[in-house]
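Residues 306 to 384 (the numbering used here) are what the sequence shown spells out, left to right.
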Amino acid sequence: NEYGGFEKVGSLGFELPTNDKNIKTQSGDIVLYNKNQISVFYESNSWSYTKLGKIKNKTKNELKDILGSGNIELRLSIK
Numbered sequence: 306n307e308y309g310g311f312e313k314v315g316s317l318g319f320e321l322p323t324n325d326k327n328i329k330t331q332s333g334d335i336v337l338y339n340k341n342q343i344s345v346f347y348e349s350n351s352w353s354y355t356k357l358g359k360i361k362n363k364t365k366n367e368l369k370d371i372l373g374s375g376n377i378e379l380r381l382s383i384k
C-alpha cells in the first residue's frame, strides 16, 4: 500500500526478528518495520527500522515510476 508519499508498505502476515536502528532511509531501501511489515522507499524518511536490502541501479524517479502512485504487489527473493 502507498504510505505517506514516500514509501510502499505491506504486511508479511508473520513476524521476523528485528535489529532496529534509527536511520534515514534513501530511495531504494527495503526495511522491516514493526516486525511484520516490509517498506520500500522511493523518498527518504527517518525512523527506527531493520534494514533488509536495497534496490540498486535505479534512480529515485525511476523507482517512483516503477512503484507507481497506487498499491502494488511486490515479490522478494533471496539469491
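Ideal Cβ placement from N, Cα and C applies to all residues, glycine included. Quantities reported herein were computed from a predicted structural model and do not represent experimental measurements.
- When the beta-carbon positions are compared, Lys356 and Val336 come within less than 7 Å of each other.
- The C-alpha of Ile377 lies about 18 Å from the C-alpha of Gly358.
- When rounded, the separation of the alpha-carbon atoms in Ser353 and Leu379 is 22 Å.
- When DSSP states are grouped into helix, strand and coil, Ile371 belongs to the helix group.
- Rounded to the nearest whole angstrom, the CA to CA distance from Leu317 to Lys369 is 22 Å.
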